Amino acid sequence: MPQQDMSVRDEDQLARDQSLDQLKDQLRASLGYEGGADGLVSMESGELHRFMGELGDKIAEHDRLIVAPPWLAKLQAQVARLEGEVVDLRGSLAESRAEVLELRSALQARPVSPEHGAAPAPAASA
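Residue numbers (the numbering used here): 177 to 302.
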C-alpha cells in the first residue's frame, strides 16, 4: 500500500512538473521570460515586492476607471443637484396646493348675502 501511495505521489509530482514546464515554455514564447528551475520567473524579493506593488497600483487604477470613471462623479453631482431641485419643487407644489385648498374652503365657508350672491344678469340688448 505505501508503494502505491508513492507511485501516486510520483505521478502527481510528474504532472505538476510537466505543467510548470509548459508554463515556462509559454512564458518564454510569449513574454521572453527565462524562468527559474521551477518554471516560474525568478526575482529577488525586493524586485518582486516592487513589481507586485506596481501591479496592484495598475489594477486599482484600472478598477477605478471601470467602476468610477472621472466623468461619473460630475454626472452624479448633477443628478444629486437635480434631485434636490425636484424635492424643492415638490415641496413648493404641496405648499401651493395646500394654500389653494385653504382659500377654497375659506371662500366656501363665507356666507353669501342675497344682494351680493348672484352675479348681475347681463343687460339685454335690443
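Ideal placement from N, C-alpha and C gives every residue a C-beta, glycine not left out. All values reported here derive from a predicted model rather than from experimental measurement.
Could you check the C-alpha separation between residue i and residue j for me, to the nearest Å?
i: A366; j: W247; result: Absent from the model: residue 366. The displayed extent of the chain is 177 to 302, so no value can be given.
i: R257; j: A244; result: 19 Å
i: L251; j: A274; result: 34 Å
i: K200; j: I242; result: 32 Å
i: D186; j: D197; result: 16 Å
i: D264; j: D239; result: 36 Å
i: D233; j: S272; result: 55 Å
i: V276; j: A253; result: 35 Å
i: S281; j: A249; result: 48 Å
i: L231; j: H225; result: 10 Å
i: A285; j: R266; result: 28 Å
i: G260; j: G229; result: 42 Å
i: S268; j: E278; result: 15 Å
Who are the near neighbours of residue i in its chain, counting only those whose CB is closer than 6 Å to its CB and skipping five residues on each side?
i: A236; result: none
Verify the contact flag: residue i, CB atom, against every heavy atom of the ligand FAD, threshold strictly below 7 Å.
i: K234; result: Annotation note on the ligand FAD: not contained in the displayed structure, which lists no ligands.
Can you tell me whether residue i is helix, strand or coil according to DSSP?
i: R286; result: coil
i: A244; result: coil
If you drop the 5 nearest sequence neighbours on each side, which residues of the same chain put their C-beta closer than 8 Å to that of residue i?
i: M177; result: The predicted position of M177 is uncertain, since its pLDDT is 45 and thus under 50; no value can be drawn from it.
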